[in-house]
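Taken in sequence, the protein lines are chains W and F. Per my numbering, the very first residue in the first sequence carries number 67; after that it's consecutive. Per my numbering, the very first residue in the second sequence carries number 67; after that it's consecutive. Every residue gets a Cβ at the ideal spot worked out from N, C-alpha and C, and that includes glycine.
There are 2 protein chains.
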Amino acid sequence: MDREKPVTADDFWPLVVEFALSQRTWWVGLCAEFDLTAMQGHALRSLDPDRPVAMSVLADALVCDASNVTGIVDKLESRGLIERQGAPGDRRIKMLAVTDKGRELRTQLWTRTMEPPAAVAALPADTRRQLAKVLRAIVMDRARESNGPR
Amino acid sequence: MDREKPVTADDFWPLVVEFALSQRTWWVGLCAEFDLTAMQGHALRSLDPDRPVAMSVLADALVCDASNVTGIVDKLESRGLIERQGAPGDRRIKMLAVTDKGRELRTQLWTRTMEPPAAVAALPADTRRQLAKVLRAIVMDRARESNGPR
DNA sequence: CGCGAAAGTTTATATAGTCAAGCGTTTCAT
DNA sequence: ATGAAACGCTTGACTATATAAACTTTCGCG
């Protein structure tokens, strides 16, 4: 079974890509457990129950168009998970607040999300720390690129 | 700028989730450079130019429904990147072959994909090798889980 | 006041994902 | 061999998501 093909340094990036791809179905499946689509899950995850944000802020966080957020928010709101609220001082803005129901679901989702697969849990703390460093660097790298020249 | 918040081992898994989100837009953008959607990119990437496979095999690789693959393959075929071929001995099966044009595009896509972000390229080779080992274990773990009890 | 920009929504079009039904083939038990 | 069941792929209906354009309401500012 385990063909002992040696692992080289150049395997790293391809494996990151492979890993990222396997992420997709994992997240979709996780969200499905709560009757959420992947984007709805991301949205609920992004929202801070203690600090409502404008829709445009959520759009930025999800890296998607504002018009798109309308539909996603519609769905979450129709399920009573979040609420559109007016913003003081600017009637154009709609602040997104997480309801109690939403807060609870969000916690459950978070709990499930944080259950690492066996292979991850088995990693030595030091390795996890190293990987965390790399991932953070990549995430920040990408964020800088996509926010780009301000 | 760089706030020196220390990275802990427990940051790893949360960062994977974060990474998943940033990965989405990265891949979508990459594929868009070649006028491919994310799934079309995945499909083209999955197909082996030297070894045609049945549509159902591609469906498994993409972890999506067979009916879905029909449309994706339609698009790729209409652009002349792949071809449906009959299978010897079973006329139900359609084998997917990558055309010369598809082979070339696939190579370009692969080349772009394999350009590691600066954060990765900067890692010492030994670190990359170590981390590659870890990731391979995780990826294989996931694959085992989703293919499940055969 | 009046102009332009911003925040959200709406509409149209295209891609996906799911599920059910359909069609031609193949397998297999009898 | 033959008929029922299983298989491989396609279709159709429905929903979700992405993108782009037009539109509404509101704000900021000269």
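Excluding five sequence neighbours on each side, which residues of the same chain lie with their C-beta closer than 6 Å to the C-beta of Lys-160 (chain F)? Met-121, Arg-150
Find the residues of chain W that neighbour Pro-182 (chain F), judging by a C-beta separation of less than 7 Å, and give them in chain order. Trp-79
With a 10 Å radius around its C-beta and 16 neighbouring C-beta atoms as the bar for buried, classify Gln-174 (chain F) as buried or exposed. exposed
On the DSSP letters alone, give me the boundaries of the beta strand (DSSP E) that Val-164 (chain F) sits inside. 156-164
Could you check whether the Cβ of Leu-142 (chain F) sits closer than 7 Å to any heavy atom belonging to the ligand GTP? In the structure on display, the ligand GTP does not appear, and there are no ligands present to speak of.
Quick one: any contact between the segment 78-95 of chain F and the segment 78-97 of chain W, if contact means 3 or more CB pairs under 8 Å? yes
I'd like to know whether the C-beta of Gln-151 (chain F) is nearer than 8 Å to at least one C-beta of chain W. no
Which term fits Arg-208 (chain W), buried or exposed, when burial requires 16 or more other beta carbons within 10 angstroms of its beta carbon? buried
For the beta strand (DSSP E) holding Gly-152 (chain W), just list the boundary residues, first then last. 148-153
Val-129 (chain F) - DSSP class collapsed to helix/strand/coil: coil
Mind listing the chain W neighbours of Arg-195 (chain F)? Cutoff is C-beta to C-beta under 8 Å, in chain order. Val-73, Thr-74, Ala-75, Asp-77, Phe-78
Below 7 Å between beta carbons is the criterion; list the residues of the segment 83-104 of chain F that meet it against any residue of chain W, in chain order. Val-83, Glu-84, Phe-85, Ala-86, Leu-87, Ser-88, Gln-89, Thr-91, Trp-92
Give the secondary structure of Ala-98 (chain W) by DSSP, where H, G and I count as helix, E and B as strand, and everything else as coil. helix
Separation of His-108 (chain W) from Cys-130 (chain W), as counted between CA atoms: 11 Å
What is the DSSP secondary structure of Val-200 (chain F), reduced to helix, strand or coil? helix
Proximal residues of chain F, C-beta to C-beta of Thr-177 (chain W) below 9 Å: Correct list: empty, because the minimum Cβ distance to chain F is about 12 Å.
Quick test of the definition: if touching needs 3 or more C-beta pairs under 8 Å, does the segment 136-155 of chain W touch the segment 189-206 of chain W? no
Under the three-state reduction of DSSP, which class applies to Arg-117 (chain F): helix, strand or coil? strand
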